[in-house]
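Going letter by letter, the sequence shown gives residues 10 to 293 in the numbering used here.
From the three backbone atoms N, C-alpha and C, an ideal C-beta is built for every residue, glycine too.
Predicted, not measured: the structure shown is a model, and the values here were computed from it.
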Amino acid sequence: MLKIKKQKLFLLALLLPFFILVIGFEIGPLISMVKDSFYANDGIKISLDQYTTIFKSKFYLQGIQNSVLISLFSAITSIIVAVVLAYSFTKFSKKAQNRLLMIANMTSNFEGIPLSFSYIILLGNNGLFTLLFAKLGMDVFAHFNLYSWTGLILVYVYFQIPLAIMLLYPSFQGIKHQWNEAAALLGASKLKFWMHIGLPVLLPSIVGIFSILFANAMGAYATAYALVGSNYNLLSLQIANLVSSEVTLNPHLGSALGVLLASTMIVAMWFNQRMMRRVRRDLR
């Protein structure tokens, strides 16, 4: 009995650095952000002025709406494309699959400012492809504006799809080849197999990955900032302006927007859990 207690204490001691890291860099800043959001601009009086300002301002409500719409659209597009591509990966040899996954892993980590600058160099107003097609007399990018909603969606989808593939690929490994053979022997077509067996098996993973993609897009800052700067109204950009700008500095209002951003992600996680309970029998 004494030996078991010593082992538990030893394991707790090993976990102590992790607990300190979580408290210092996650729980601590979160508590501080929530506390600051309930202060007035003078930093002394406790009030709901910051939240009142947000919900009365069309500008901040538009930023929230834009962020939610871009996150939803990019997450839905990415998960649909990722399902097709992840399935395609399984049809290659094991060696080719490993190489494809390595490329997907590298692509998923290529985001932020370098990704935005790459798109600007290639598809900006004076980008390589823009000038090349214009010189060839092809108006492919004549009406395309990289620094707009369309450009943001394109860039977001670029780094969301590889992430979705990396997360979804293992789920396809869980679909046994014998299931397909058994369904075929019973007279089921490939479409029926995927509708009644394949997709129900993948659905929990798809729902979970969708919530991850949504949260990833909601919190994206560097990519959007380098691409559109302050020309497009996004929640993450407004938070950064309020806590770091010398002109619009208002950390308490920024904290309130941060609380709303965190709340949006919590709602997405709650929705994910609800959907998971519907599609997974073991959680019912």
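Where do the N-terminal and C-terminal ends of the alpha helix (DSSP H) with residue i fall, by residue?
i: THR116; result: 103 to 117
i: THR257; result: Element bounds for THR257: n/a, residue is neither H nor E.
i: LYS185; result: Counting along the chain, LYS185 falls outside any alpha helix (DSSP H), and DSSP gives it neither H nor E.
i: ASN225; result: 208 to 227
i: LEU145; result: No alpha helix (DSSP H) holds LEU145; DSSP gives it neither H nor E.
i: LYS100; result: Here LYS100 belongs to no alpha helix (DSSP H), and DSSP marks it neither H nor E.
i: SER125; result: 122 to 132
i: TYR241; result: Segment: none, TYR241 is in no alpha helix (DSSP H) and carries neither H nor E.
i: LEU200; result: 199 to 202
According to DSSP, residue i sits in a beta bridge with which residue or residues?
i: TYR48; result: ILE55
In whole angstroms, give me the CA-to-CA distance for residue i and residue j.
i: VAL93; j: LYS103; result: 18 Å
i: PHE181; j: SER272; result: 32 Å
i: VAL149; j: LEU23; result: 58 Å
i: ILE218; j: LEU177; result: 7 Å
i: ALA235; j: ILE53; result: 35 Å
i: PHE138; j: TYR128; result: 10 Å
i: ASN281; j: MET274; result: 10 Å
i: ILE248; j: LEU266; result: 6 Å
i: LEU251; j: ASN50; result: 12 Å
i: LEU30; j: LYS67; result: 38 Å
i: MET115; j: MET175; result: 10 Å
i: LEU57; j: PHE82; result: 32 Å
i: GLY136; j: MET204; result: 44 Å
i: LEU132; j: ALA151; result: 11 Å
i: LEU70; j: MET42; result: 20 Å
i: ALA233; j: THR257; result: 19 Å
i: TYR60; j: MET111; result: 45 Å
i: LEU200; j: GLY207; result: 9 Å
i: PHE202; j: ASN75; result: 38 Å
i: PRO213; j: MET284; result: 8 Å
i: TRP279; j: PRO179; result: 24 Å
i: ILE36; j: LEU262; result: 20 Å
i: SER117; j: PHE101; result: 21 Å
i: TYR96; j: LEU195; result: 23 Å
i: ALA192; j: SER198; result: 8 Å
i: ASN189; j: LEU163; result: 36 Å
Throw me the rounded Cβ distance for the residue i and residue j pair, which I believe falls under 8 Å.
i: ILE184; j: VAL216; result: Contact doesn't hold; Cβ gap of about 17 Å is too wide.
i: GLY72; j: LEU244; result: 5 Å
i: VAL90; j: ILE170; result: 5 Å
i: PHE98; j: LEU109; result: 5 Å
i: ILE88; j: ALA173; result: 6 Å
i: PHE46; j: SER264; result: In the sequence on display, residue 46 carries Ser and not Phe. The pair is a contact, with the Cβ atoms about 4 Å apart (cut-off 8 Å).
i: LEU124; j: PHE168; result: 6 Å
i: ALA277; j: ALA224; result: 6 Å
i: ALA229; j: TYR156; result: So it is not a contact: roughly 16 Å between Cβ atoms.
i: SER80; j: ALA226; result: 4 Å
i: ILE63; j: LEU269; result: 7 Å
i: VAL77; j: LEU161; result: At roughly 13 Å, the Cβ-Cβ gap does not stay under 8 Å, so VAL77 and LEU161 are not in contact.
In chain order, which continuous runs of the alpha helix (DSSP H) of length 4 or greater are located wholly inside the segment 149 to 182?
158 to 182
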